[in-house]
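Q: Have a look at this one before I ask anything.
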Amino acid sequence: ISKVEVYYNRLVLSNLNKFKKKLINATFIDLTRYGKYLFFHLDNGYTLISHLRMEGKYRYTKENYRIKSTSAVFFLKNGYYLSYDDTRKFGIMYLCKNEEVDSLPMIEKLGIEANKVTLNDEETLYSKFNKKKKIKELLLDQSILCGIGNIYADEILYASKINPFTLGNQLTHLDIKNIIINSNKILQKAIELGGSTIHSFHPSEGVDGKFQAVLKCYGKEGEKCPICGSTFHKEFIGGRGTTFCPNCQINPNLKKAIGITGPIGSGKTTLLNYLNSKGYYTISSDEEIHKLYLDENISKKLSKILETNFNYQDENSKKIVRKILVNNLDKKKQVEDYLYPILENKLINEIKNHNKIAIEVPLLFNAHFEYMFKKIFVITINKEKQISNLSKRNIDTKNMLKLNNNYNYNKENKDVVLIENNGDLQAFYNKIDTFLD
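Residues in the sequence shown are numbered consecutively from 8, following the numbering used here.
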């Protein structure tokens, strides 16, 4: 090193004059890494510690060309230049003696490297994760596992089927094992593919990482989960954008409601009213959807989707819309895809605010709302009684049956409780009582 120029003084945490003085005439002899820290080993007994943070990167070039993001340049005696560029200026450098490295607070606190953690570390991690903090925050805590950033935290949790809002003290030993296995697998794959290139960051000029092409979860808000078909959610944890699948990654703090579903005319409202009499806070999704229909902005959006003027307060308009939904499954799906996320947010907020709550959702499984419920009461009914129930309503029974003919439920879902409603009302109530806590 023949010369050092620092254009952004806050880059260097150690004394700047000493930093420059000790580097001149020193030679880089090795480069190592631990977690997110790079260690440039010098032949004069010193180590240059570098953390790239969000967007820092090095350029090794024959020409010295400073760009807007260049924070420092090392002039080398072989005629080359080592430039450090950092658009956001979050990166840091620190120079110290070799023997001082391990005792530096920023190094001493580092945990196990995430791409080198093994199943032998399970008990250690189980103990360190045993906190009342969200697992997403704990994964980003470099004092527990170092080397995991926001992208990889989301990917590891998705692969491990752990909700990012799960508290550390709620994790099982199996969860810890899955985190260990998937941390190794995902980080190794990311290293092989050169990392992830996002819109504001490239590893170096003209070089793109390839891992973003195989991301399963991160950055896919609003897209469908390839495993279960649910819509990926995005929320913020500790100020970091967090993407997850609510069904594959169940939030144990949310799964406390009773869900009620079944085909049209099966007795869902009857069951809901019965639970209300038992002290449950109850919500009818049908009623919530009807409230949405009255919202002017939502009504306009639905009119655009259906390509007809939709006025929920006009009976003729409602008949036209029902006919469209019965005969055009694509339009029906577009309407559901628009309304379900709005309804979903409403239901989640209600569940958070009530400990004893029951919610009727006619197409619960189609909407992928399973994750909200500790129990899902699925009402079964024979066709004769179903038609008898519908005939008591002032509706077109034939069309309503056709509109509901794709009703289904997940027979493999362990939270499903089948409740037959082919007898009298008291028999129905008795069956419900059997399954209440």
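Using N, Cα and C, we set each Cβ at its ideal position, and we do this for glycine too.
Quick check on the burial criterion: 16 or more other C-beta atoms within 10 angstroms. Buried or exposed for H240?
A: buried
Q: Helix, strand or coil for A33? Go by DSSP, reduced to three states.
A: Looking at A33 - three-state DSSP - the assignment turns out to be coil, as it is neither helix nor strand.
Q: Between the Cα of I426 and the Cα atoms of K298, S78, I383 and E419, which residue gives the shortest distance?
A: I383
Q: If you check the beta carbons only, do G269 and K263 fall under 7 angstroms apart?
A: no
Q: Could you name each continuous alpha helix (DSSP H) segment of 4 residues or more that falls completely within the region 348-384, going from the start of the chain to the end?
A: none
Q: Give me, in chain order, the residues of the same chain whose beta-carbon lies closer than 8 angstroms to that of I8; leave out the 5 immediate sequence neighbours on both sides.
A: L30, I31, N32, A33, T34, F35, F81, F82, L83 and K84
Q: How would you write the range of the alpha helix (DSSP H) that N333 sits in, first residue to last?
A: Reading off the sequence shown, one finds Val at residue 333, where the question assumed Asn. Its alpha helix (DSSP H) spans residues E322 to N334.
Q: To which residues of the same chain is I193 closer than 7 angstroms at the C-beta, ignoring the five residues directly before and after it?
A: Y159, E162, I163 and A166
Q: Who pairs with A79 in a beta bridge, going by DSSP?
A: V13 and Y91
Q: Would you mind reading off the limits of the alpha helix (DSSP H) that contains E162?
A: Per DSSP, E162 belongs to the alpha helix (DSSP H) from N157 to S167.
Q: Is the beta carbon of Q219 sitting closer than 7 angstroms to the one on S237?
A: no
Q: Tell me which residues share the same chain as T68 and place their Cβ nearer than 6 angstroms to its Cβ, disregarding the 5 neighbours each side in the sequence.
A: Within the same chain, Cβ atoms closer than 6 angstroms to the Cβ of T68 are found at Y88, the five residues on either side in sequence being excluded.
Q: Please classify L336: is it buried, with 16 or more other beta-carbons within 10 angstroms of its beta-carbon, or exposed?
A: exposed
Q: Compute the distance between the beta-carbons of I386 and N428, then report whether it is under 7 angstroms.
A: yes
Q: DSSP on E129, reduced to helix/strand/coil?
A: Annotated three-state conformation of E129 is helix, per DSSP.
Q: What distance in whole Å lies between the Cβ atoms of D92 and R66, which are believed to be in contact at a cut-off of 8 angstroms?
A: 6 angstroms
Q: Check for me: the beta strand (DSSP E) holding T250 runs from which residue to which?
A: Bounds of the beta strand (DSSP E) holding T250 are R247 to F251.
Q: Would you call the CB atoms of S57 and L38 closer than 7 angstroms?
A: no
Q: Give the straight-line distance between the Cα atoms of P253 and I142, rounded to the nearest whole angstrom.
A: So the two alpha carbons sit approximately 15 angstroms from each other.
Q: DSSP three-state label for G175, please.
A: G175 carries a helical assignment under DSSP once its states are collapsed to helix, strand and coil.
Q: Taking C-beta to C-beta, are V368 and G248 nearer than 7 angstroms?
A: Going by C-beta atoms, V368 is not nearer than 7 angstroms to G248.
Q: When the Cα of I358 is compared with those of N185, F380, L282 and N334, which residue comes out closest?
A: F380
Q: Express the C-alpha separation of I366 and A434 in angstroms, rounding to a whole number.
A: 22 angstroms
Q: Please return the same chain residues whose Cβ sits closer than 8 angstroms to the Cβ of A374, not counting the five positions on each side in sequence.
A: E343, Y347, L350, E351 and V368
Q: In chain order, what residues of the same chain have a beta carbon less than 6 angstroms from the beta carbon of N396, not counting five sequence neighbours either side?
A: G272
Q: To the nearest angstrom, how far is it from the Cα of V221 to the Cα of I186?
A: V221 and I186 have their C-alpha atoms roughly 19 angstroms apart.
Q: Look at Y41 and K104 and say whether their C-beta atoms are less than 7 angstroms apart.
A: No, the pair does not count as a contact, with Cβ atoms beyond the cut-off.
Q: Less than 8 angstroms between the CB atoms is what I'm expecting for Y291 and L279, so what's the real figure, rounded?
A: Looking at the sequence itself, residue 291 is Ser, so the reference to Tyr does not match. With a Cβ gap of about 6 angstroms, S291 and L279 count as contacting.
Q: Would you grab the beta carbon distance between A121 and L152 for me? Rounded to a whole angstrom, and I think it's under 8 angstroms.
A: 5 angstroms between Cβ atoms; contact.
Q: If you reduce the DSSP assignment to three classes, tell me which class M100 lands in.
A: strand
Q: Once the 5 residues before and after E115 are set aside, which same chain residues still bring their CB inside 8 angstroms of it?
A: The answer, listed in chain order, is D109.
Q: Which of the three DSSP states is assigned to S134 in this structure?
A: helix
Q: Taking the straight line between their C-alpha atoms, what separation do you get for F136 and Y14?
A: 40 angstroms
Q: Report yes if the CB atom of Y287 is closer than 7 angstroms to the CB atom of K363, and no otherwise.
A: Yes.
Q: Would you kindly check if the distance between the Cβ of Y101 and the Cβ of L20 is under 7 angstroms?
A: yes
Q: Out of curiosity, what's the CA-to-CA distance linking Q320 and D148?
A: Near 54 angstroms, if we compare the C-alpha coordinates of D148 and Q320.
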